[in-house]
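J.: Below is a structure I'd like to ask you about.
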Amino acid sequence: FLCVIALLGNRTAIIYKELFSILANNARRLDLQFRPQKITSDFEPALIKTVANEFPNTRHIGCNFHFVNAIYRQIQHLGLVTAYRNDECVRSSSRKLMALALVPIDKLELAFQKVAHEAPRSLKPLTDYFNRYWMTKVKWTLWNVSDVELKTNNIVEG
């Protein structure tokens with residue numbers, strides 16, 4: 229069950245570490261231990277690093293809503309919004325990239341290659357970004373939610 233939602237004024241490792249310290253202290257006051265089994269969050273690099281350092285045995289799951297949003301923001305950044313809105317092939321291929329988070333991890337590499345190969349040439353910058361960032365820099369287990377029941381950290385978003 230959902231235990232904590234934190235709204236923070238800054239996105240630094242120091243702030244995240246302080247939050248975890250406050251939660252651990254409050255748990256101790258209740259005669260409990262703060263050892264989360266799962267943490268669902270957005271993709272803030274400082275938070276990802278802090279969770280890995282503070283809770284190495286905790287499953288850290290990225291929020292699917294934020295994952296899809298990040299891809300759409302890249303579509304905007306690359307100037308592809310008009311094509312996304314007006315070209316069904318562009319929209320479909322973009323959505324297939326977004327849906328890769330739902331593909332079982334053992335099929336992910338092949339699924340990405342298929343989507344990238346079948347995407348229109350105009351989406352090459354987007355598929356290159358996806359490959360460079362999501363397939364290479366971010367651990368797949370963070371953004372892939374194929375085996376996760378709650379795929380977002382906010383039921384209003386999902």
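If you read the sequence shown in the numbering used here, its first letter stands for residue 229, the second for the next number, and so on.
Quick reminder that beta carbons are idealized off the backbone N, C-alpha and C, glycines included.
Treat the numbers as computed from the prediction; the structure is a model and nothing was measured.
#1: Tell me the DSSP bridge mates of K266?
#2: With DSSP as the reference, label M326 as helix, strand or coil.
#3: Using the beta-carbon count (16 or more within 10 Å), is H345 buried or exposed?
#4: Pick from L236, L251, D259, P353: whose alpha carbon is nearest that of A274?
#5: Candidates I303, D315, D270, H305: which alpha carbon is nearest H288's?
#6: Would you give the residue range spanned by the alpha helix (DSSP H) that Q341 belongs to?
#7: Using CA coordinates, which residue listed in L330, C231, L325, C291 is at the minimum distance from N359?
#8: Using beta-carbon positions only, say whether Q302 and L354 come within less than 9 Å of one another.
#9: Mapping DSSP to helix, strand and coil, what is P332?
#10: Just tell me which of L247, T240, L328, S350 has its CA closest to the CA of N292.
#11: Mind reading off the beta-carbon distance from I267 to T286? Whole number of angstroms is fine, and I expect it under 8 Å.
#12: Which class does A234 belong to by DSSP, given the choice of helix, strand or coil?
#13: With distance defined between alpha-carbon atoms, name the residue in I276, D375, R349, E337 nearest to L330.
#14: For V384, collect the residues of the same chain with a Cβ closer than 8 Å to its Cβ; drop the 5 residues on either side in sequence, then sort them by chain order.
#15: Would you tell me roughly how many angstroms separate the C-alpha atoms of Y361 and A339, rounded to the nearest one?
#16: Shortest alpha-carbon distance to C231 belongs to which of N238, I242, A252?
T.: Here's the rundown:
#1: According to DSSP, which records beta bridges pairwise, K266 is partnered with R287.
#2: Helix at M326.
#3: So H345 ends up on the exposed side.
#4: Ranking L236, L251, D259, P353 by CA distance to the CA of A274 puts L236 first.
#5: Out of I303, D315, D270, H305, D270 has the C-alpha closest to the C-alpha of H288.
#6: Under the DSSP assignment, Q341 falls in the alpha helix (DSSP H) whose first and last residues are 336 to 346.
#7: Selected option, being the one with the closest Cα: L325.
#8: Result yes, Cβ atoms of Q302 and L354 sit closer than 9 Å.
#9: P332 carries a coil assignment under DSSP once its states are collapsed to helix, strand and coil.
#10: Taking N292 as reference, the option from L247, T240, L328, S350 with the minimal CA-CA separation is L328.
#11: The beta carbons of I267 and T286 sit about 6 Å from each other, so the pair counts as a contact at 8 Å.
#12: Note: A234 maps to coil in three-state DSSP.
#13: Scanning I276, D375, R349, E337 for the CA closest to the CA of L330 turns up D375.
#14: Residue placement at V384 is poorly supported in this model, since its pLDDT is 46, which falls under 50; the coordinates still yield a value, given next. For V384, there are no CB contacts under 8 Å within the same chain when 5 residues up- and downstream are skipped.
#15: Going from the Cα of Y361 to the Cα of A339 covers about 16 Å.
#16: Closest in alpha carbon position to C231, among N238, I242, A252, is A252.
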